[in-house]
Amino acid sequence: MNICVVGTGYVGLVGAAVFADWGHTVCGVDIDEGKITNIKKGVMPIYEDGLGDLVRQHMDLDGLSFTTDISEGMFGAEVVFICVGTPQSKTGAADLSAVWAVAEDIGRCLDPDMYTVVVVKSTVPVGSNEKVKELIGVSAPKSAKFSVVSNPEFLREGSAIWDMNNPDRTVLGIGSSDRLSEEVCRVLFSLYEHLSSPIVWYDLRTAEMIKYASNAFLAMKVTSINEIALMCERVGADVDRVAEGIGLDPRIGPDFLKAGIGYGGSCFPKDVQALMNTAKQTGSPLTIVSAVDAVNDHLPELFVEKVIREFGVNLSGIKIACLGLAFKANTDDVRDSRSIEVIRMLRGHGASIQAYDPRAYGNAVEELGYFGISYVDTMNEALIGADAVVILTEWPEFAELDLLHAKESMKGKVIFDGRNVLDQESVEDMGFTYYCVGKRTNAYEKEPDLVPGIFLPG
Ligand code: UDX
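The numbers in my numbering rise by one with no breaks, and the one at position 116 of the sequence shown is 116.
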């Protein structure tokens, strides 16, 4: 099948490469000329394991091409995917200008002699797909035949190719007038029939809601354990074991219960905001989602308070090794990264930072600049002469931190582990003062027990 994918960001580029890998002929379109020139040379705009090889492989086989010209990209395409970004606007609502512009372009380029299925993968608020259909209709030639389908994407950065090949489910939203269309059924069937997971069909608005509700629920799950972690610190319980214990209940499940310094990235923060915005507009405020947003926002500050507790509010003269800049491991993405937030605060208190991340250095420099920060090439370099280590991203190599070597390289002996990647006992046995998330460590040794007295009756 001939496929056109408009937008070569995370979803679009991964989608284009995977569709080509499934045997389709794919053209990726983007208005960013620099990006397309680089992709054509085999240089990827993002770091995603395996993506560069897959793109280069299918470009070599002529199954995958790229262009900045949408009419060229849509030539002969039976299906067109809209995968452009929907960033957060100043009001918190999703900025849909790119989606609207692409819808108009698609309309103009529709071939009146073909039936075209337009599939929206961009994350868009409820009602947007109907508007996409309307806009395409306005600019399309009178005799053009097309349908609009919602197909929200659930892939995670860092495992995006695996996720596209192994989705938990494929959600499709189809308007009532398109539901019986043979063309729509044929196109969607030939795209997804080989997947072993369920394909579920809904109306357009329900499919749009599923994407937001899904991200809001996951954000809520992470935030719930993060808030429980705060209480664990006070009462002397261990949040990792609490997560293990509650995760054994299948109604809760073990995933997404890793406590840390909060969720970030290109999806959760903006989607939660956009959902709250739609909720407000529709007069049905989502109180829980708003609380999730507020708690998550506060977590970096609470983490920095641990550093202040140890060194005082004025951190000038304190050198801190910051391990991790990406919003999570296996990506170079720093959008809404909690690590960046923590580093900004530490720098605001006067600390000098030695930062290391295996992948995200380039993107982090754009966010943070160089003032008060030196970026180094290895974890060991970051440790040299540091008063403390702060772990901000759960990259596997940080869990392998050589404590003996750290002790010898560093000036001080304090570790702040924002992702609970280290083993508490080993760190404390090595003589470090250890702060982490959701556990009462040796850093609190001299504090009184906060658990209220339990009095037996009588
Ligand atoms: C998310 C959704 O998982 C995906 O389905 C959607 O399409 C896009 O948004 P992604 O942003 O790539 O994917 O990251 P994800 O792995 O879901 O993590 C989101 C954030 O939550 C990260 O900051 C991560 O560090 C944090 N997180 C996740 C935790 O702090 N603890 C956890 O247990 C899980």
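Where is the CB? At the ideal position from N, CA and C, for every residue including glycine.
Over the uninterrupted alpha helix (DSSP H) stretch that includes residue i, give me the two end residues.
i: Ala140; result: First-last for Ala140: undefined, no H or E at that position.
i: Ala213; result: 204-235
i: Lys40; result: 33-40
i: Lys407; result: 403-409
i: Gly73; result: 70-74
i: Ile343; result: 338-348
i: Gln424; result: 424-429
Pick helix, strand or coil for residue i, following the three-state DSSP scheme.
i: Leu195; result: coil
i: Ser374; result: strand
i: Gly50; result: coil
i: Gly28; result: strand
i: Lys446; result: coil
i: Thr278; result: helix
i: Trp100; result: helix
i: Lys319; result: strand
i: Asp163; result: helix
i: Asp293; result: helix
i: Ile246; result: helix
i: Asp417; result: strand
i: Phe268; result: helix
i: Phe256; result: coil
i: Ser18; result: The residue asked about is misnamed: residue 18 is Val in this sequence, not Ser. DSSP places Val18 in helix when its eight states are reduced to three.
i: Ser147; result: strand
i: Tyr10; result: helix
i: Tyr435; result: strand
i: Ala364; result: helix
i: Ser190; result: helix
Within this structure, are the beta carbons of residue i and residue j separated by less than 7 Å?
i: Leu110; j: Ala144; result: yes
i: Val307; j: Phe416; result: yes
i: Thr278; j: Pro125; result: yes
i: Ser316; j: Gly350; result: yes
i: Ser290; j: Met276; result: yes
i: Gly28; j: Val5; result: yes
i: Gly262; j: Asn296; result: yes
i: Val171; j: Pro141; result: no
i: Ile384; j: Val421; result: no
i: Gln281; j: Gly92; result: no
i: Thr68; j: Glu33; result: yes
i: Glu367; j: Ile340; result: yes
i: His24; j: Ile3; result: yes
Since residue i and residue j should fall inside the 8 Å C-beta cutoff, what is the C-beta to C-beta distance between them, to a whole number of angstroms?
i: Gly63; j: Val26; result: 7 Å
i: Lys319; j: Ala364; result: Actually they are not in contact, since the Cβ atoms of Lys319 and Ala364 sit about 18 Å apart, beyond 8 Å.
i: Gly418; j: Val437; result: 6 Å
i: Glu310; j: Val239; result: Not confirmed; about 20 Å, so no contact.
i: Glu173; j: Ala207; result: Reading off the sequence, residue 173 comes out as Gly, not Glu. Right, their Cβ atoms sit about 3 Å apart.
i: Val184; j: Val149; result: 6 Å
i: Met1; j: Val79; result: 7 Å
i: Val102; j: Phe146; result: Actually they do not touch by this definition, with Cβ atoms about 14 Å apart.
May I ask which residues mark the beginning and end of the beta strand (DSSP E) holding residue i?
i: Val451; result: From DSSP, Val451 is part of no beta strand (DSSP E); its letter is neither H nor E.
i: Leu172; result: 170-174
i: Phe66; result: 64-67
i: Tyr115; result: 115-120
i: Ala388; result: 388-391
i: Asn2; result: 2-6
i: Val79; result: 79-82
i: Ala382; result: Run containing Ala382: none in the beta strand (DSSP E); it sits in the alpha helix (DSSP H), 379-383.
Report task. Taking 8 Å as the threshold, find out whether the region 341-361 comes into contact with the region 319-328 through three or more Cβ pairs. Result -> With a cut-off of 8 Å, the region 319-328 and the region 341-361 count as touching, because enough Cβ pairs lie within range.
Query raised in the report: Just checking, does the region 36-50 make contact with the region 185-192 on the three C-beta pairs under 8 Å criterion?
Result: Contact between the region 36-50 and the region 185-192 is absent, because fewer than three Cβ pairs lie under 8 Å.
**Report entry** At least three beta-carbon pairs within less than 8 Å, the region 53-61 to the region 101-119
**Finding:** The way I'd put it, the region 53-61 doesn't touch the region 101-119; fewer than three beta-carbon pairs between them come closer than 8 Å.
Query raised in the report: Are the region 194-208 and the region 225-234 in contact at 8 Å, needing three or more beta carbon pairs?
Result: At 8 Å Cβ cutoff, the stretches do not touch.
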